[in-house]
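Asker: Pasting a structure here, questions to come.
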């Protein structure tokens, strides 16, 4: 039996002050806001990785994050990524110590790209994900899609494809690409943008933003050349869990980790 | 006591956590004397092959070589497995332990994306002790740019631009290219098999 590298389905938890916001409605879940319990549920349901995105704005909330990461990592035996607000190599080190396998950096990498190498040299390139929030420029080719910082609020003047290339050359292990145009629409990933970035780099690209149906995942793996796709709120909208999604993908001929 | 060798190459938290979850008495150490007194030894690694130079400089290589000779079970993970070969193209001047013949090489161009990151399946040799009870075709989580050749000690093969050793074992020396601490139930089974294996 010839083995094939499977396409990864990554479950994302948005966390504020230690609580999951817009959590998934698992039946019989004791605490829908507990990141540790939700992460364990997603892993048991077949998620290939877990991403915890801290959207806490306050400084006090930041110290809660490490406790949250530690508790979530405790019984999680699939790769675990933590992102949101990591600004320095020391902050990254604290998150690794708490149990993260990878960290995701965004605005801080744009402000000082040497941070990518600084973290990578200590923890390995595989542990550094550069997250890119990008928006298409109306009327311009997809390669002109612009990078935004500060949670999508601040235009940077950088082009997503070029920034992805630079992140790779500085030692990023993966790119997490969020289409700001598609995000929240449930109308499908931006396959054209994903393909443009994925083909520009050697490292894996995780597609994010726009998932609404299993078909959208098939499209982003085929047409978007994505290596992985992030599913945040899709499980609210008719797909029971990651396993159900993977079963549909397998019927579509997409290699996925099943049984899982 | 299980010694997990710390050679300043990456994050050991996940390996230690998985071992403790399985009830193991774990000591993270870079002290050759502690390693020499361990009942089992694990060499993790997510870094560059060149980082294994530190093993030579600190006397750990000698302590491991002696422990293996005494029959102490040894498990190398990722770069820790590659170190069991004679060396790697990633750091040509840096020798490995040489328990297994052959050099590790970079995935050839055209293999797909490099590094090989994600879940890929295992084609198993049925007599494996490390992979006992693991079903054929089980998935494991990989992240690496260099790969070890397939040889007679190979007990699991994975394909990515060609076959490579996903697991090797010979007597009391074991190695896995994938990350058992991040490979769900399959990975925990592999770690449990290592912890429970008794030399006869």
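Chains as they are written, first to last, in my numbering: chain A, 167 to 426; chain B, 63 to 262.
A virtual CB, placed ideally from N, CA and C, is assigned to each residue, including glycine.
I'd like to confirm the pairing. Which residues does DSSP put opposite residue 272 (chain A) in its beta bridges?
Answerer: In the first chain, the residue the question calls residue 272 (chain A) occupies position 106. In DSSP, residue 272 (chain A) forms no bridge with anything.
Asker: Can you tell me where the alpha helix (DSSP H) holding residue 78 (chain B) begins and where it ends?
Answerer: Reading the second chain from its first residue, position 16 is the one you call residue 78 (chain B). Unbroken alpha helix (DSSP H) run through residue 78 (chain B): 75-83.
Asker: By the criterion of Cβ-Cβ separation under 9 Å, what are the contact partners of residue 370 (chain A) in chain B?
Answerer: Residue 370 (chain A) sits at position 204 when you count from the first residue of the first chain. Ordered by position in chain B, the residues that pass the 9 Å Cβ test against residue 370 (chain A) are 175, 177, 179, 180.
Asker: Suppose only complete runs of 4+ residues qualify. What are the alpha helix (DSSP H) ranges in the stretch 104-174 of chain B, listed by chain order?
Answerer: DSSP runs (the alpha helix (DSSP H)) wholly in the stretch 104-174 of chain B: 115-119, 122-131, 141-144.
Asker: So residue 269 (chain A) and residue 282 (chain A) are supposed to be a Cβ contact under 8 Å. How far apart are they, rounded?
Answerer: On the first chain, residue 269 (chain A) is found 103 positions in, with the first residue counted as 1. On the first chain, residue 282 (chain A) is found 116 positions in, with the first residue counted as 1. Residue 269 (chain A) to residue 282 (chain A), Cβ: 11 Å. No contact.
Asker: What does a CB cutoff of less than 7 Å around residue 382 (chain A) pick up in its chain, not counting 5 residues either side in sequence?
Answerer: Within the first chain, numbered from 1, the residue matching residue 382 (chain A) stands at position 216. Correct list, in chain order: 354, 355, 376.
Asker: Just the C-alpha distance for residue 175 (chain A) and residue 211 (chain A), rounded to the nearest angstrom, thanks.
Answerer: Residue mapping note: residue 175 (chain A) aligns to position 9 of the first chain, counting from 1. Residue mapping note: residue 211 (chain A) aligns to position 45 of the first chain, counting from 1. Taking the straight line joining both Cα atoms gives about 11 Å.
Asker: So what does DSSP say about residue 242 (chain B), is it helix, strand or coil?
Answerer: As a working note, residue 242 (chain B) is residue 180 in the second chain. Three-state DSSP puts residue 242 (chain B) in a helix.
Asker: Along the chain, where does the beta strand (DSSP E) containing residue 172 (chain A) start, and where does it finish?
Answerer: For the purposes of this step, residue 172 (chain A) is identified with residue 6 of the first chain, where counting begins at 1. Element bounds for residue 172 (chain A): n/a, residue is neither H nor E.
Asker: If we define contact as Cβ-Cβ less than 8 Å, is residue 289 (chain A) a contact residue for chain B?
Answerer: Residue 289 (chain A) sits at position 123 when you count from the first residue of the first chain. So yes, residue 289 (chain A) belongs to the interface.
Asker: Residues in its own chain within less than 6 Å of residue 245 (chain A) by CB, not counting five upstream and five downstream?
Answerer: Counting from 1 along the first chain, the entry for residue 245 (chain A) is found at position 79. Hits under 6 Å: 215, 267.
Asker: How would you write the range of the beta strand (DSSP E) that residue 416 (chain A) sits in, first residue to last?
Answerer: Indexing the first chain from 1 puts residue 416 (chain A) at position 250. Here residue 416 (chain A) belongs to no beta strand (DSSP E); instead the alpha helix (DSSP H) covers 408-417.
Asker: Between the stretch 316-350 of chain A and chain B, which residues of the former have CB atoms less than 8 Å from a CB of the latter, in chain order?
Answerer: Of all residues in the stretch 316-350 of chain A, 339, 340 have a Cβ within less than 8 Å of some Cβ in chain B.
Asker: What residues in its chain sit with their C-beta under 6 Å from that of residue 245 (chain B), if we drop five residues either side in the sequence?
Answerer: In the second chain, the residue the question calls residue 245 (chain B) occupies position 183. Only 202, 203 meet the Cβ criterion.
Asker: Let's see if you can read the secondary structure: which residues bound the alpha helix (DSSP H) around residue 335 (chain A)?
Answerer: Taking the first chain and counting its residues from 1, one reaches residue 335 (chain A) at position 169. That run of the alpha helix (DSSP H) goes 326-335.
Asker: Is any heavy atom of the ligand COA found at a distance shorter than 7 Å from the C-beta of residue 265 (chain A)?
Answerer: Although the ligand COA was asked about, the structure shown includes no ligands whatsoever.
Asker: Whole angstroms is fine: what's the gap from residue 172 (chain A)'s alpha carbon to residue 316 (chain A)'s?
Answerer: Working through the first chain from its first residue, we reach residue 172 (chain A) at position 6. Working through the first chain from its first residue, we reach residue 316 (chain A) at position 150. So the two alpha carbons sit approximately 32 Å from each other.
Asker: Given residue 274 (chain A), which residues of its chain have a CB within under 7 Å of its CB, disregarding the five upstream and five downstream residues?
Answerer: Counting from one through the first chain, the residue named residue 274 (chain A) turns up at place 108. Correct list, in chain order: 252, 253, 281.
Asker: Indicate whether at least one CB of chain A lies closer than 8 Å to the CB of residue 224 (chain B).
Answerer: Within the second chain, the letter at position 162 stands for residue 224 (chain B). No, its Cβ sits nowhere closer than 8 Å to a Cβ of chain A.
Asker: Between the C-alpha atoms of residue 218 (chain B) and residue 346 (chain A), what's the straight-line distance to the nearest angstrom?
Answerer: Counted from its first residue, the second chain places residue 218 (chain B) at position 156. Counted from its first residue, the first chain places residue 346 (chain A) at position 180. Taking the straight line from one Cα to the other gives about 42 Å.
Asker: What residues in its chain sit with their C-beta under 8 Å from that of residue 150 (chain B), if we drop five residues either side in the sequence?
Answerer: Position 88 of the second chain holds residue 150 (chain B). Excluding residues within five positions, the ones whose Cβ falls inside 8 Å are 111, 144, 156, 158, 165, 166, 167, 208.
Asker: Use the C-beta contact count for residue 182 (chain B): other C-beta atoms within 10 angstroms, 16 or more gives buried, fewer gives exposed.
Answerer: To locate residue 182 (chain B), count along the second chain from 1; it is residue 120. Answer is buried; the Cβ neighbour count reaches 16.
Asker: Nearest to residue 169 (chain A) by CA position, among B:185, B:96, B:194, B:125, is which residue?
Answerer: Taking the first residue of the first chain as position 1, residue 169 (chain A) is located at position 3. Minimum Cα distance to residue 169 (chain A) is reached at B:185.
Asker: DSSP has residue 204 (chain B) in a bridge; who is on the other side?
Answerer: Locating residue 204 (chain B) in the second chain gives position 142, counting from the first residue. Paired residue(s): B:180.
Asker: Scan the stretch 205-288 of chain A and note each continuous beta strand (DSSP E) run of 3 residues or more that stays entirely inside, going in chain order.
Answerer: Those beta strand (DSSP E) runs which fall completely within the stretch 205-288 of chain A and span 3+ residues are 215-220, 246-249, 268-271.
Asker: What first and last residue would you give for the alpha helix (DSSP H) that runs through residue 363 (chain A)?
Answerer: Here residue 363 (chain A) is taken as the residue at index 197 of the first chain, counted from 1. Counting along the chain, the alpha helix (DSSP H) containing residue 363 (chain A) begins and ends at 357-366.
Asker: Based on the DSSP output, what are the partners of residue 300 (chain A) in its beta bridges?
Answerer: Locating residue 300 (chain A) in the first chain gives position 134, counting from the first residue. Per DSSP, A:313, A:345.
Asker: Kindly list, in the order they appear in chain A, the residues whose Cβ is closer than 9 Å to that of residue 119 (chain B).
Answerer: Taking the second chain and counting its residues from 1, one reaches residue 119 (chain B) at position 57. None at all; the shortest Cβ gap to chain A is about 19 Å.
Asker: Quick one: which chain B residues come within Cβ less than 9 Å of residue 170 (chain A)?
Answerer: Here residue 170 (chain A) is taken as the residue at index 4 of the first chain, counted from 1. Near residue 170 (chain A) (Cβ distances below 9 Å), the residues of chain B are 182, 183, 221, 222.
Asker: Here's a check: name, in chain order, each residue in its chain whose Cβ is nearer than 8 Å to the Cβ of residue 176 (chain B), leaving out the five neighbours to either side.
Answerer: Your numbering for residue 176 (chain B) matches position 114 in the second chain. Closer than 8 Å at Cβ, skipping near neighbours: 168, 169, 207.
Asker: Compare the C-alpha of residue 172 (chain B) against each of B:254, B:223, B:232 and name the closest.
Answerer: On the second chain, position 110 is the one that residue 172 (chain B) refers to. Ranking B:254, B:223, B:232 by Cα distance to residue 172 (chain B) puts B:223 first.
Asker: Could you work out which residue in B:200, B:192, B:230, B:197 is closest to residue 210 (chain B) when comparing CA atoms only?
Answerer: As a first step, residue 210 (chain B) is located in the second chain; it is residue number 148 there, counting from the start. When each option's Cα is compared against that of residue 210 (chain B), the closest is B:230.
Asker: Would you say residue 179 (chain B) and residue 220 (chain B) are within 8 Å of each other, going by their C-beta atoms?
Answerer: Residue mapping note: residue 179 (chain B) aligns to position 117 of the second chain, counting from 1. Residue mapping note: residue 220 (chain B) aligns to position 158 of the second chain, counting from 1. The answer is no: Cβ separation not under 8 Å.
Asker: Is the Cβ of residue 365 (chain A) closer than 8 Å to any Cβ of chain B?
Answerer: Reading the first chain from its first residue, position 199 is the one you call residue 365 (chain A). Not one chain B Cβ lies under 8 Å of residue 365 (chain A).
Asker: So what's residue 3 (chain B) in DSSP terms, helix, strand or just coil?
Answerer: Residue 3 (chain B) lies beyond the stretch modelled for chain B, which goes from 63 to 262, so this question has no answer here.
Asker: Check whether the Cβ of residue 72 (chain B) lies closer than 8 Å to any Cβ atom in chain A.
Answerer: For the purposes of this step, residue 72 (chain B) is taken as the residue at position 10 of the second chain. Yes, its Cβ sits closer than 8 Å to a Cβ of chain A.
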